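So the structure is just underneath, and the comments pick up after that.
Protein chains in written order, with our numbering: chain U, 30 to 163; chain E, 826 to 945; chain L, 36 to 444.
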């Protein structure tokens, strides 16, 4: 719950949120905060609504020709005509320190399509993929 | 509560910040967020509290312009120089925003608050 | 022995920085052409990497964040991407060279042509990265790599005039047979090699792999203070041995075989056997370090799960990167390109990657959000700033010097 935010503590979006690692409750790495989604409330206040991840969110921030290619390749690989970037609702954010901690497990957040594709189609087929590192 | 179409932070950062009479005060260097009051006793939101304004966007991520850091002297001096003018504009002082490339932020005030730029 | 294992990470990191295939040949070459007049560069490099490895190790221990996380965060995605490309170029080229180095070491031991060893060497490296526990990998290759101490023994055995050697090292000057630009080219090359970015990528990521926490700061510092100076000593020993054997006769060192000659001359077959073990362990260890660092940098830029501390299938993209890197390496080497020449080209990319890597580290080491109370003290900041300036100077000088001297001809 966001009650974990230190009372009265304020955060600077670009300094504390953007480009930080998102970590799940098991300590697993989810993604980077590639972009922040904002929206206007009817009362005139602007509010952060979600963390956006993936090439669709990162591309415009890298900018230039490279950023353009990043977005273009990403769109190619997606089936939908107008794909949405990975989205983590801000309600899932639990705390912010050197990383952004979320309250749901990586798998439940469903922002890592490439990881799952690689997992099923490549890595799982190599013997030893489930080998316990301990 | 219905919200407007979603926007991206990238379309706000770096925008020129001007007064109503068209004077440029700087550029949006960062956006200050504050947890809002808890809704329904459970979750609070991340509200935009105001804008951190600086000469330009570079060096913003170092935060040296906003914190009393004991960092390397050379870096602090360089960043202070790059952000000679600047300060803070609370959201209440924002008159209008035109998002994205070629956009700008119009403030209803004509001076930025120097003091408030430092993060507590 | 337990104690020795505790510093294995530092030793393995240092091996990749000071006695990988490129460095071994470069140090041997430098010894044969410049004597000990460039030792001061190695000493400067050792201090520099100690300063920054300690900082990045501290950041990793306190915050759990490895170095490339900091690069993207503090430089932004755009400049961070530039660093990613540059440091990947260095790291990948070095990785390819190391696989070649493993093959060369096997060739020396077996008289079977190195090209035939390449696929096996590549496969073996990949298998270790896929399957072997991180701590086992660092213990085995870190400690076996210490066999290179045989070069120090060889120097002793060759019974040199110690006062001349000391004079040579402490009063550096450009030898009569060489010119100043070439001297400084090798100075920059040696310095760049001592402080290559992948050392801090590997050291900090390795710290996270080892689950370092705030209580492990002393262990971390011991790793730094034992590993890197040891690496420096090994590279100076190699240079000293070729100084004694090759410099008087004016022969330039080009091949790995020539690097081993002083040991063979002074300690015979037994010594050479130990040196070969050292060559194999150092190149294989450096291959592991650089291979993993390729995976670490890409994953840490994009935010992917990385590391050997999770099951391979839980870090699918990371392991696919390692696989692709290995396949690329084998393919490139089979085109018969000289593995040692490959590392020369990486000097160019190093020039870009070095300042872009060390600057964010210095910044984050001062950030209380990350470090709590363990932010940099005055000494760390002073040294860090000084070295940042030196790194910048070296970066600016690297490419002009390379062009001017045709890469040290």
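Cβ coordinates follow ideal geometry from the N, Cα and C atoms, glycine included. Predicted model, so just to flag it, every value in this text is computed and none were measured.
Margin query: Please report the distance separating the alpha-carbon of residue 74 of chain L from that of residue 204 of chain L.
Written below: As a position in the third chain, residue 74 of chain L is number 39, starting the count at 1. As a position in the third chain, residue 204 of chain L is number 169, starting the count at 1. One alpha carbon belongs to residue 74 of chain L, the other to residue 204 of chain L, and they sit about 6 Å apart.
Next item on the list: Measure from the C-beta of residue 340 of chain L to each C-beta in chain U and report whether the shortest distance is under 9 Å.
Entry: Within the third chain, the letter at position 305 stands for residue 340 of chain L. Interface with chain U (9 Å Cβ-Cβ cutoff): residue 340 of chain L is included.
Item checked: Segments of 4+ residues assigned as alpha helix (DSSP H) that fall wholly inside the region 116-159 of chain U -> Unbroken alpha helix (DSSP H) stretches of 4 residues or longer found wholly inside the region 116-159 of chain U: 135-138, 142-150, given in chain order.
Check: Taking three-plus beta-carbon pairs below 8 Å as touching, is the region 161-179 of chain L in contact with the region 315-323 of chain L?
Finding: A contact exists between the region 161-179 of chain L and the region 315-323 of chain L.
Item checked: Interface partners of residue 13 of chain U on chain L, CB under 7 Å -> Because chain U spans 30 through 163 in this model, residue 13 of chain U falls outside it and cannot be assessed.
Checklist line | Below-9 Å beta-carbon distance, residue 82 of chain U vs any chain B residue | finding: Given the protein chain composition of this structure (U, E and L), no chain B is represented.
Checklist line | CB contact check: residue 135 of chain U to chain L, cutoff 9 Å | finding: Stepping through the first chain from its first residue, residue 135 of chain U is reached at position 106. At least one chain L Cβ lies under 9 Å of residue 135 of chain U.
Notebook entry, point to check: Counting only beta-carbon atoms, is residue 899 of chain E nearer than 9 Å to chain L?
Noted result: Locating residue 899 of chain E in the second chain gives position 74, where the first residue counts as 1. At least one beta carbon of chain L lies nearer than 9 Å to the beta carbon of residue 899 of chain E.
Next item on the list: Consult DSSP for residue 192 of chain L and reduce its assignment to one of helix, strand or coil.
Entry: Here residue 192 of chain L refers to the residue found at position 157 when the third chain is read from its first residue. Assigned with DSSP and collapsed to three states, residue 192 of chain L falls in helix.
Checklist line | Within chain L, the residues that residue 159 of chain U reaches when beta carbons sit closer than 8 Å | finding: Here residue 159 of chain U is taken as the residue at index 130 of the first chain, counted from 1. Here the neighbours are 346, 347, 348.
Margin query: Considering only DSSP beta bridges, list what residue 58 of chain U is partnered with.
Written below: For the purposes of this step, residue 58 of chain U is taken as the residue at position 29 of the first chain. Bridge partners of residue 58 of chain U according to DSSP: U:52.
Notebook entry, point to check: Are residue 143 of chain L and residue 336 of chain L touching if we call contact CB-CB under 9 Å?
Noted result: Position 108 of the third chain, counted from the first residue, corresponds to residue 143 of chain L. Position 301 of the third chain, counted from the first residue, corresponds to residue 336 of chain L. No; because the gap between Cβ atoms is not below 9 Å, this pair is not in contact.
Notebook entry, point to check: Distance, Cα to Cα, residue 290 of chain L vs residue 279 of chain L?
Noted result: Numbered from its first residue, the third chain carries residue 290 of chain L at position 255. Numbered from its first residue, the third chain carries residue 279 of chain L at position 244. Near 17 Å, if we compare the C-alpha coordinates of residue 279 of chain L and residue 290 of chain L.
Next item on the list: Report the three-state DSSP secondary structure of residue 866 of chain E (helix, strand or coil).
Entry: Here residue 866 of chain E is taken as the residue at index 41 of the second chain, counted from 1. Confidence at residue 866 of chain E is low in this model, with a pLDDT of 43, below 50, so its placement is unreliable and no value can be given for it.
Margin query: Let's test the definition: count the other Cβ atoms within 10 Å of the Cβ of residue 215 of chain L and tell me whether it reaches 16, buried, or not, exposed.
Written below: Position 180 of the third chain holds residue 215 of chain L. Exposed is the call here.
Checklist line | Beta-carbon proximity of residue 111 of chain U to residue 90 of chain U, cut-off 9 Å | finding: As a working mapping, residue 111 of chain U is identified with position 82 in the first chain. As a working mapping, residue 90 of chain U is identified with position 61 in the first chain. Taking C-beta atoms as the reference points, residue 111 of chain U and residue 90 of chain U fail to come closer than 9 Å.
Note to self: Can you check which of these residues, L:209, L:245, L:114, is closest to residue 445 of chain L by C-alpha distance?
What the structure shows: Residue 445 of chain L cannot be examined here, being either before or after the span of chain L that is shown, 36 to 444.
Note to self: From the DSSP secondary-structure annotation, give me the bridge partner or partners of residue 41 of chain U.
What the structure shows: By one-based count along the first chain, residue 41 of chain U stands at place 12. The partner list for residue 41 of chain U (beta bridge, DSSP) reads E:857.
Item checked: Best match in L:97, L:45, L:84, L:61 for proximity to residue 405 of chain L [C-alpha to C-alpha] -> Within the third chain, numbered from 1, the residue matching residue 405 of chain L stands at position 370. Among L:97, L:45, L:84, L:61, the Cα nearest to that of residue 405 of chain L belongs to L:97.
Note to self: Assuming residue 157 of chain L is part of the alpha helix (DSSP H), what are its boundary residues?
What the structure shows: Position 122 of the third chain, counted from the start, is the residue given in the question as residue 157 of chain L. Looking at the DSSP string, the run of the alpha helix (DSSP H) that includes residue 157 of chain L is 149-166.
Item checked: Three-way DSSP call (helix, strand, coil) for residue 316 of chain L in this model -> Translated into positions along the third chain, residue 316 of chain L becomes position 281. Residue 316 of chain L: helix per DSSP, three-state reduction.
Next item on the list: If I'm right that residue 858 of chain E touches residue 871 of chain E with Cβ under 8 Å, what's the distance once you round it to whole angstroms?
Entry: Here residue 858 of chain E is taken as the residue at index 33 of the second chain, counted from 1. Here residue 871 of chain E is taken as the residue at index 46 of the second chain, counted from 1. Correct: roughly 5 Å between the Cβ atoms.
Check: Along the region 921-942 of chain E, what residues have a CB closer than 9 Å to any CB found in chain U?
Finding: Residues 922.
Notebook entry, point to check: Quick one: is residue 163 of chain U buried, meaning 16 or more other Cβ sit within 10 Å of its Cβ, or exposed?
Noted result: Numbered from 1 along the first chain, position 134 holds the residue referred to as residue 163 of chain U. Residue 163 of chain U should be labelled exposed.
Checklist line | According to DSSP, residues forming a beta bridge with residue 77 of chain U | finding: Taking the first residue of the first chain as 1, we reach residue 77 of chain U at position 48. For residue 77 of chain U, the pairing in a beta bridge is given by DSSP as U:67, E:871.
Notebook entry, point to check: Assuming residue 81 of chain L contacts residue 228 of chain L under a Cβ cut-off of 8 Å, what Cβ separation, rounded to an integer in Å, is found between them?
Noted result: In the third chain, the residue the question calls residue 81 of chain L occupies position 46. In the third chain, the residue the question calls residue 228 of chain L occupies position 193. The Cβ separation is near 11 Å, so there is no contact.
Checklist line | Residues from the region 242-273 of chain L in contact with chain U, defined by Cβ distance under 8 Å | finding: Hits within the stretch: zero.
Next item on the list: Report yes if the CB atom of residue 276 of chain L is closer than 9 Å to the CB atom of residue 66 of chain L, and no otherwise.
Entry: Along the third chain, one-based indexing puts residue 276 of chain L at 241. Along the third chain, one-based indexing puts residue 66 of chain L at 31. Yes, the Cβ-Cβ distance between residue 276 of chain L and residue 66 of chain L is below 9 Å.
Next item on the list: Within its chain, find whatever has a CB closer than 8 Å to the CB of residue 852 of chain E; leave out the 5 residues flanking it on each side and keep chain order.
Entry: The residue you call residue 852 of chain E lines up with position 27 of the second chain. Contacts found: 839, 840, 841, 842, 878, 879, 880, 881, 882.
Next item on the list: Give the single residue among E:874, E:928, E:903 whose Cα lies nearest to the Cα of residue 42 of chain U.
Entry: Here residue 42 of chain U refers to the residue found at position 13 of the first chain. Nearest of E:874, E:928, E:903 to residue 42 of chain U, Cα basis: E:874.
Note to self: Strictly below 7 Å CB to CB, what residues from chain U border residue 871 of chain E?
What the structure shows: Translated into positions along the second chain, residue 871 of chain E becomes position 46. Neighbours of residue 871 of chain E on chain U, chain order: 76, 77, 119.
Note to self: Pairs of beta-carbons, one from the region 142-153 of chain U and one from the region 345-352 of chain L, closer than 8 Å: are there three or more?
What the structure shows: Three or more beta-carbon pairs drawn from the region 142-153 of chain U and the region 345-352 of chain L are found closer than 8 Å, and the two stretches are therefore classed as touching.
Next item on the list: Mark residue 835 of chain E as exposed unless 16 or more other C-beta atoms lie within 10 angstroms of its C-beta, in which case mark it buried.
Entry: For the purposes of this step, residue 835 of chain E is taken as residue 10 along the second chain, with counting starting at 1. Flag for residue 835 of chain E reads buried.
Check: With respect to 8 Å, is the separation between the Cβ of residue 291 of chain L and the closest non-hydrogen atom of the ligand NAD below this value?
Finding: As for the ligand NAD, it is missing from this structure, which has no ligand bound.
Notebook entry, point to check: Whose C-beta lies closer than 6 Å to the C-beta of residue 170 of chain L among residues of the same chain, with five residues either side of it excluded?
Noted result: Walking along the third chain from the start, residue 170 of chain L turns up at place 135. Closer than 6 Å at the Cβ level, and outside the excluded window around residue 170 of chain L, lies no residue.
Check: Is residue 344 of chain L helix, strand or coil by DSSP?
Finding: For this step, residue 344 of chain L is matched to residue 309 along the third chain. DSSP places residue 344 of chain L in the coil class of the three-state scheme, outside both helix and strand.
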